[in-house]
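Participant:
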Amino acid sequence: MPTSGRTRIKDLLDVERLDNVSNPVAVNGWVKTVRSSGGVSFVQINDGSSLADLQIVVDASCPDYALVGNLTTGCSLTVFGVLQESLGRGQKYEVVASSLEMLGGADPEEYPLQKKRHTLEFLRELAHLRPRTNTFGAVARVRNAMAFGIHQFFQQRGFLYIQTPIITASDAEGAGAMFRATTLDLDNLPTQAGHVDNDADFFGRPAFLTVSGQLEAEIFAQAMSDVYTFGPTFRAENSNTSRHLAEFWMVEPEVAFCDLDGLAQLAEDFLRGIFAHVLETCPEDMAFFNRFYDKELIATLEDIANSDFERMTYTEAVRLLEESGESFEFPVRWGADLQSEHERYLTERKVGRPVIVTDYPSAIKAFYMRLNDDGETVRAMDVLVPRIGEIIGGSQREERLDVLQRRMVEAGLDDAPYWWYLDLRRYGTTPHAGFGLGFERTVQFATGMQNIRDIIAFPRTPRSAEF
Ligand code: 4AD
Ligand code: MG
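Residue numbers (our numbering): 489 to 955.
1. So, does the segment 569-582 touch the segment 597-604, judging by three or more C-beta pairs under 8 Å?
2. Counting beta carbon pairs with one atom in the segment 852-865 and one in the segment 881-897, are three or more of them shorter than 8 Å?
3. Quick check: what's the CA-CA separation for I655 versus T698?
4. Under 8 Å, do G625 and L539 count as touching if we go by C-beta distance?
5. Considering Cα atoms alone, identify which of L912, L889, E829 is closest to A805.
6. Could you round the C-beta distance between G719 and Q651 to whole angstroms and report it? I think they count as a contact, below 8 Å.
7. Assuming Y649 and Y716 make a contact with CB atoms under 8 Å, what is their CB distance in whole Å?
8. Can you name, in chain order, every residue of its own chain whose Cβ lies under 6 Å from the Cβ of K520, other than the five neighbours on each side?
9. Any residue with its C-beta under 7 Å from a non-hydrogen atom of the ligand MG counts. Can you list them all in chain order?
10. Given the structure, does I792 come close to the ligand 4AD, in the sense that its CB is under 7 Å from one of the ligand's heavy atoms?
11. Would you mind stating whether F933 and H616 have Cβ atoms separated by less than 8 Å?
12. What residue range does the beta strand (DSSP E) around D890 cover?
13. Looking only at its own chain, which residues have a Cβ that is under 6 Å from the Cβ of R799, when we skip the five neighbours before and after it?
14. V873 to T835, Cα distance in whole Å?
15. Can you say whether N516 is buried or exposed, counting buried as having 16 or more other CB atoms within 10 angstroms of its CB?
16. Is I792 helix, strand or coil when you go by DSSP?
17. Determine whether the beta carbon atoms of V556 and V545 lie at a separation below 8 Å.
18. Under the rule that 16 or more other beta-carbon atoms within 10 Å means buried, what is D659, buried or exposed?
19. By how many angstroms is the C-alpha of P771 removed from the C-alpha of F780?
20. Whose CA, out of R885, S525, V503, F642, lies closest to the CA of D757?
21. Checking 8 Å against the spacing of the C-beta atoms, do A688 and A669 come in under that value?
22. Check Q680 in the structure and name its three-state DSSP category.
23. Go ahead and label W518 buried or exposed: buried means 16 or more other beta carbons lie within 10 angstroms of its beta carbon, across all protein chains shown.
24. Taking the alpha helix (DSSP H) that V766 falls in, what are its first and last residues?
25. Determine the direct distance from the alpha carbon of A711 to that of L889, and round the result to whole angstroms.
26. Would T846 be called buried (16 or more neighbouring beta carbons within 10 Å of its own) or exposed?
27. If E735 sits next to F722, beta carbons under 8 Å apart, how far is it from one beta carbon to the other, in whole angstroms?
28. Expressed to the nearest angstrom, what Euclidean distance is found between the alpha-carbon atoms of Y906 and R913?
29. Report, in whole angstroms, the separation of the C-beta atoms of M634 and T930, which I expect to be a contact under 8 Å.
30. Compute the Euclidean distance between the alpha carbons of V820 and I940, then round it to the nearest angstrom.
31. Would you say A660 touches the ligand 4AD, meaning its beta carbon is less than 7 Å from a heavy atom?
32. With distances taken from CA atoms, which of N728, A514, L785, H683 is nearest T495?
33. Would you list, in sequence order, the uninterrupted beta strand (DSSP E) runs of no fewer than 3 residues that lie entirely inside the segment 534-565?
34. So, D903 versus L910, is the Cβ gap smaller than 8 Å?
35. Relative to the alpha-carbon of F708, which residue among H920, T949, E928, A945 has its alpha-carbon at the smallest distance?
36. Give the straight-line distance between the Cα atoms of R832 and L751, rounded to the nearest whole angstrom.
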C-alpha cells in the first residue's frame, strides 16, 4: 500500500523505453479530472512530481470500475496497473488500472478548486490547496531547484554554508523596521521608572527578528574567508507592493580579501549561474511559465545567462535619469535614493539588461559600507533587473575601525551592542565584501510571476499572516 513501492509520476512519464519498467506499477496522486466515454474512464492524476498529469485508464475489466463514479477532482487515490504507450493523444504513456483505491474523498459541492482557471488573488486565500494547481506546483518545483542551484553554486566554489541567528539584539541594517521578539505580557508590562523594564524580558534586553544575517556572516568570513547564509529574514516595513514581504529568504555570501569589483563579478556569475541552472533543470515548468505568464521569459533568462551585466556608478545613473526626458513620480536628484521606477527605467529601457549600480551617497546607505576617498559615497552595489528592480544589495565593508566608528556616530547608532563587530576591525581586519540576494524576488523574476505573494508558500504581509 501507499508508500512502499510507490513510483513517482515524473519517473514514469520520463522513462525512455517501456521494457525498463517493471509492470505493474503502483502510483498515488490527487485527481485533477475524470472523463468517461463508451464504458471507459480517463482519470488524470498528479502527485506533484511533475507538471504533467498521469492518465489512468479504467474500464469494465477492472474490478474496481464501479468506484470511478465516486472519483471527483481533489480526491486522493492509489492505483495499480500497467504502464503502456498511450492510445490517445496528449500523452506518451498511460496506466491501465488493474485496481483502484480511493484514500480520501473531496466533496465536489465543497472542494474549492474547480476545473476552471482561478485567479491568483483567489488562490492566495487558499494557500493550503493552491500547491495542487499547475501554477503553484510549478512555482514550488522551480523554487526548490533554485535553492538547490544556489547551494551548488557556492559549494562548488568552496564557500561554507553557515547558519546565523533569527533572534538578534542588533539592527544589521541600522534602519529600524524590526519585529520585536518578546515574552513580556503586553497587557501588563513591567515598568521601571516609567519605562518598560527590558530587564524582565526573556533575554534581559530588547530582542528582534533579524533583518539580515550579514553581521554574523562577517564574523565567519573573518575566519573562514568564503561563507554564505541562506535563511529567513524579517522586515516590519508597511510596504504593500508586489515585491515586498514581511518575511522573506535571503542568500548572503560574505567574502574576505575581496573588494567591490570582486563582489560585483561574484554577483554576476551567481545570477547567471542560477538562471542557467533553472533553465536546465526545470524545462517543463519553465515552458509553462513562458506560455502562461511571460512569453519572453525563457529568451530573457537565456540572454542574461549568456551576457555581461552593465555597470555604472550611482552618479552616472542619476545623470542618465536626468537626461532621460521621462517624467518620474519621484524627482531625480543626486543624494536621493533611487526609486523602483528609476531602477526599472535604467534596467528595462536604458540598458535592456541587468545593471549593477555602485558607489551610492553614504547618507542613504547603511553604516557598514566602505567610505570612498571622496568622503561622500560608499562602495555599495545594487543589482537591478527588468520588471523587479533591485534583486541584490551589497557592498564592500568598512574595515577601518576609526572610519567605521565615525560612520556609526553619524548614523546615530549606539556602538555598544556592536562591540564584537568593531573587534573584527581591531584584530586582523581585512578588506571584505558581501551581498544579499532576495530569494523570492529572484524566483519571481525567473518565473515571470507578477506578485511576490505567489512565490512564497505562506506570505506574510501587513495585516496578513493566515496559514
Ligand atoms: O538591500 P538589502 O536590505 O541588503 C541587506 O540586507 C544586506 N545586509 C545584504 C548584505 O549585504 N549581506 O536586502 C537585500 C535584498 C534586496 O536586494 C531584495 O532583493 C531583498 O533582499 N529584499 C526583500 N525581498 C522581499 N521583501 C522585502 N521586504 C525585501 N527587502 C529586501
Ligand atoms: Mg537594498
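Positions of the beta carbon are idealized from the N, C-alpha and C atoms, including for glycine.
Note that the coordinates shown come from a computational prediction; the quantities given were computed from them, not determined experimentally.
Facilitator: This is what the structure holds:
1. no
2. yes
3. Residue mapping note: residue 655 aligns to position 167 of the sequence shown, counting from 1. Residue mapping note: residue 698 aligns to position 210 of the sequence shown, counting from 1. So the alpha carbons of these two residues sit roughly 6 Å apart.
4. By one-based count along the sequence shown, residue 625 stands at place 137. By one-based count along the sequence shown, residue 539 stands at place 51. Taking 8 Å as the Cβ cut-off, G625 and L539 qualify as a contacting pair.
5. Taking the sequence shown and counting its residues from 1, one reaches residue 805 at position 317. Closest option to A805, Cα to Cα, is E829.
6. Position 231 of the sequence shown, counting from 1, holds the residue named residue 719. Position 163 of the sequence shown, counting from 1, holds the residue named residue 651. Correct: roughly 7 Å between the Cβ atoms.
7. For this step, residue 649 is matched to residue 161 along the sequence shown. For this step, residue 716 is matched to residue 228 along the sequence shown. About 6 Å; that satisfies the 8 Å criterion.
8. By 1-based counting over the sequence shown, the position of residue 520 is 32. Cβ within range, chain order: Q532, N534, D541.
9. D870, E878, G881
10. If you number the sequence shown from 1, residue 792 lands on position 304. It does not: the Cβ of I792 is nowhere closer than 7 Å to a heavy atom of the ligand 4AD.
11. Position 445 of the sequence shown holds residue 933. Position 128 of the sequence shown holds residue 616. Cβ atoms of F933 and H616: not closer than 8 Å.
12. As a first step, residue 890 is located in the sequence shown; it is residue number 402 there, counting from the start. Element bounds for D890: not the beta strand (DSSP E) but the alpha helix (DSSP H), 889-898.
13. On the sequence shown, position 311 is the one that residue 799 refers to. Excluding positions up to five away in sequence, the list reads I844.
14. What you label residue 873 is simply residue 385 of the sequence shown in a count that begins at 1. What you label residue 835 is simply residue 347 of the sequence shown in a count that begins at 1. C-alpha separation (whole angstroms): 6 Å.
15. Locating residue 516 in the sequence shown gives position 28, counting from the first residue. Buried, since its Cβ has 16 or more Cβ neighbours within 10 Å.
16. The sequence position of residue 792 within the sequence shown is 304, counting from 1. In the structure shown, I792 sits in a helix (DSSP, three-state: H, G or I).
17. Taking the first residue of the sequence shown as 1, we reach residue 556 at position 68. Taking the first residue of the sequence shown as 1, we reach residue 545 at position 57. Not a contact, by the Cβ cut-off of 8 Å.
18. Translated into positions along the sequence shown, residue 659 becomes position 171. Classification of D659: buried, given that the 10 Å Cβ count is 16 or more.
19. Taking the sequence shown and counting its residues from 1, one reaches residue 780 at position 292. Taking the sequence shown and counting its residues from 1, one reaches residue 771 at position 283. Roughly 14 Å between the two C-alpha positions.
20. Position 269 of the sequence shown holds residue 757. Comparing Cα positions, the closest option is F642.
21. Within the sequence shown, numbered from 1, the residue matching residue 688 stands at position 200. Within the sequence shown, numbered from 1, the residue matching residue 669 stands at position 181. No, the Cβ-Cβ distance between A688 and A669 is not below 8 Å.
22. Indexing the sequence shown from 1 puts residue 680 at position 192. If DSSP states are grouped into helix, strand and coil, Q680 belongs with the strands.
23. The residue you call residue 518 lines up with position 30 of the sequence shown. Buried, by the Cβ-count rule.
24. By 1-based counting over the sequence shown, the position of residue 766 is 278. 748-769 is the span of the alpha helix (DSSP H), which, as asked, contains V766.
25. As a position in the sequence shown, residue 889 is number 401, starting the count at 1. As a position in the sequence shown, residue 711 is number 223, starting the count at 1. Distance between the alpha carbons of L889 and A711: 18 Å.
26. For the purposes of this step, residue 846 is identified with residue 358 of the sequence shown, where counting begins at 1. Answer is buried; the Cβ neighbour count reaches 16.
27. Position 247 of the sequence shown, counted from the first residue, corresponds to residue 735. Position 234 of the sequence shown, counted from the first residue, corresponds to residue 722. With a Cβ gap of about 5 Å, E735 and F722 count as contacting.
28. As a position in the sequence shown, residue 906 is number 418, starting the count at 1. As a position in the sequence shown, residue 913 is number 425, starting the count at 1. Going from the Cα of Y906 to the Cα of R913 covers about 11 Å.
29. Translated into positions along the sequence shown, residue 634 becomes position 146. Translated into positions along the sequence shown, residue 930 becomes position 442. At roughly 7 Å, the Cβ-Cβ gap stays under 8 Å, so M634 and T930 are in contact.
30. The residue labelled residue 820 in the question sits at position 332 within the sequence shown. The residue labelled residue 940 in the question sits at position 452 within the sequence shown. So the alpha carbons of these two residues sit roughly 27 Å apart.
31. In the sequence shown, the residue the question calls residue 660 occupies position 172. Flag set: Cβ of A660 near the ligand 4AD.
32. By one-based count along the sequence shown, residue 495 stands at place 7. For the residues N728, A514, L785, H683, the minimum Cα distance to T495 belongs to A514.
33. 542-547
34. For this step, residue 903 is matched to residue 415 along the sequence shown. For this step, residue 910 is matched to residue 422 along the sequence shown. Going by C-beta atoms, D903 is nearer than 8 Å to L910.
35. For the purposes of this step, residue 708 is taken as residue 220 along the sequence shown, with counting starting at 1. Among H920, T949, E928, A945, the Cα nearest to that of F708 belongs to H920.
36. In the sequence shown, counting from the first residue as 1, residue 832 sits at position 344. In the sequence shown, counting from the first residue as 1, residue 751 sits at position 263. When rounded, the distance between both Cα atoms is 22 Å.
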